[in-house]
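K.L.:
Supplied in structure tokens, the structure appears directly below.
In the working numbering, the protein residues as written are 102 to 351.
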């Protein structure tokens, strides 16, 4: 479990997070939702230690985040940020292999190669594994980057808006794949999403943020309602049930 207590954060004197208290359950898929500027990406980066924690406390599996060594953290938690370093002249297979660096230090062994092969298969990348990233569609490229993070073989995977610039088919495919893999392998995925229907349709747990605070958290059926949309998104819309999951109709 990721335990967050009284976390605050400022950038250039502007408050981004204020007294955030949150427990992210172990296992399954947790979606962070909320309007732009709610603090979702900042919170994710603090959990991944990409930014320095200014106030409050974060624990992972009962261990204080600040006391975990860089090596141990890299084998416990992986993050795929929004802005990715351009590595277009690299093959899909080599990119996925980067996920093994915390273990191999650049020298892939038999176990690393086995994991890479399994991940390529899980993300349906075998047929394009020798292609360069700049020859791929946006959906294929995002799938390759996500596979790289998955190959890190961590208990926790943090994804910051991985559906950006993906079409409906690619978005649905990626969300379905992540949900299935998390359930099969017992991993915990924390994902920042803008589309509330993807969160409601695929997440096991939703955390809604607004103005740097957590507004509500829980299973989709308990969180997503018309009152919730008004309170968090300042939006009037209908919510119906589709296969026992809420669906926002706009």
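Glycine included, C-beta positions come from ideal geometry on N, C-alpha and C.
Quick caveat, the model's predicted, so the values are computed rather than measured.
Roughly how many angstroms lie between the CA atoms of residue 311 and residue 318, to the nearest whole one?
P.N.:
Going from the Cα of residue 311 to the Cα of residue 318 covers about 12 Å.
K.L.:
Starting from residue 184, follow its DSSP beta bridges and name the residues at the other end.
P.N.:
Answer by DSSP bridge pairing: none, since residue 184 is not bridged.
K.L.:
Name the DSSP bridge partner or partners of residue 336?
P.N.:
DSSP output for residue 336 lists no bridge partner at all.
K.L.:
Report the residue ranges of all alpha helix (DSSP H) runs contained in full by the stretch 180-266; include only those spanning at least 4 residues, in chain order.
P.N.:
Runs found: 193-199, 202-205, 211-223 and 239-252.
K.L.:
Less than 6 Å between C-beta atoms, sequence neighbours within five positions excluded: which residues of the same chain meet that for residue 147?
P.N.:
154, listed in sequence order.
K.L.:
Here's the rule: buried if 16 or more other CB atoms are within 10 angstroms of the residue's CB, otherwise exposed. What is residue 307?
P.N.:
So residue 307 ends up on the buried side.
K.L.:
What distance in whole Å lies between the Cβ atoms of residue 245 and residue 324, which are believed to be in contact at a cut-off of 8 Å?
P.N.:
With 8 Å as the limit, residue 324 and residue 245 do not qualify as a contact, their Cβ atoms being about 32 Å apart.
K.L.:
Could you check which residue in 110, 103, 135 and 116 has the C-alpha nearest to that of residue 297?
P.N.:
For the residues 110, 103, 135 and 116, the minimum Cα distance to residue 297 belongs to 135.
K.L.:
Tell me, which residues are paired with residue 347 by DSSP?
P.N.:
According to DSSP, which records beta bridges pairwise, residue 347 is partnered with 342.
K.L.:
With distances taken between CB atoms, is the gap from residue 114 to residue 156 smaller than 7 Å?
P.N.:
Cβ atoms of residue 114 and residue 156: not closer than 7 Å.
K.L.:
Tell me residue 139's beta-bridge partners as DSSP assigns them.
P.N.:
Its beta-bridge partners do not exist; DSSP assigns none.
K.L.:
So, using beta-carbon positions, are residue 217 and residue 252 closer together than 7 Å?
P.N.:
In contact: residue 217 and residue 252 (Cβ atoms closer than 7 Å).
K.L.:
Within its chain, find whatever has a CB closer than 7 Å to the CB of residue 341; leave out the 5 residues flanking it on each side and keep chain order.
P.N.:
Cβ neighbours of residue 341 beyond the five flanking positions: 348 and 350.
K.L.:
Going by beta carbon distance, what residues of the same chain come within less than 7 Å of residue 209, once the five residues before and after it are set aside?
P.N.:
Contacts found: 198 and 201.
K.L.:
Does the stretch 268-284 come within contact of the stretch 124-135, defined as at least 3 CB pairs closer than 8 Å?
P.N.:
Because the criterion of three Cβ pairs below 8 Å is met, the stretch 268-284 and the stretch 124-135 touch.
K.L.:
Rounded C-beta distance between residue 120 and residue 314? I'm assuming under 8 Å.
P.N.:
The pair is a contact, with the Cβ atoms about 7 Å apart (cut-off 8 Å).
K.L.:
Can you tell me the Cα-Cα spacing of residue 203 and residue 173, whole angstroms?
P.N.:
The straight-line gap from Cα to Cα measures roughly 9 Å.
K.L.:
Using the Cβ count rule (16 or more neighbours within 10 Å means buried), how would you classify residue 211?
P.N.:
Classification of residue 211: exposed, given that the 10 Å Cβ count is below 16.
K.L.:
Spell out the partners DSSP gives residue 283 in its beta bridges.
P.N.:
Bridge partners of residue 283: none, in fact.
K.L.:
List in chain order: all unbroken alpha helix (DSSP H) runs of 4+ residues lying wholly within the stretch 291-319.
P.N.:
Here the runs fully enclosed are 297-303.
K.L.:
Give me the Cα-Cα distance between residue 328 and residue 302, rounded to the nearest whole angstrom.
P.N.:
Near 18 Å, if we compare the C-alpha coordinates of residue 302 and residue 328.
K.L.:
Can you tell me where the beta strand (DSSP E) with residue 325 in it begins and where it stops?
P.N.:
Run containing residue 325: none; DSSP gives neither H nor E here.
K.L.:
Considering only the alpha carbon of each residue, which of 180, 233 and 343 lies closest to residue 254?
P.N.:
Residue 254 has its Cα closest to that of 180, out of 180, 233 and 343.
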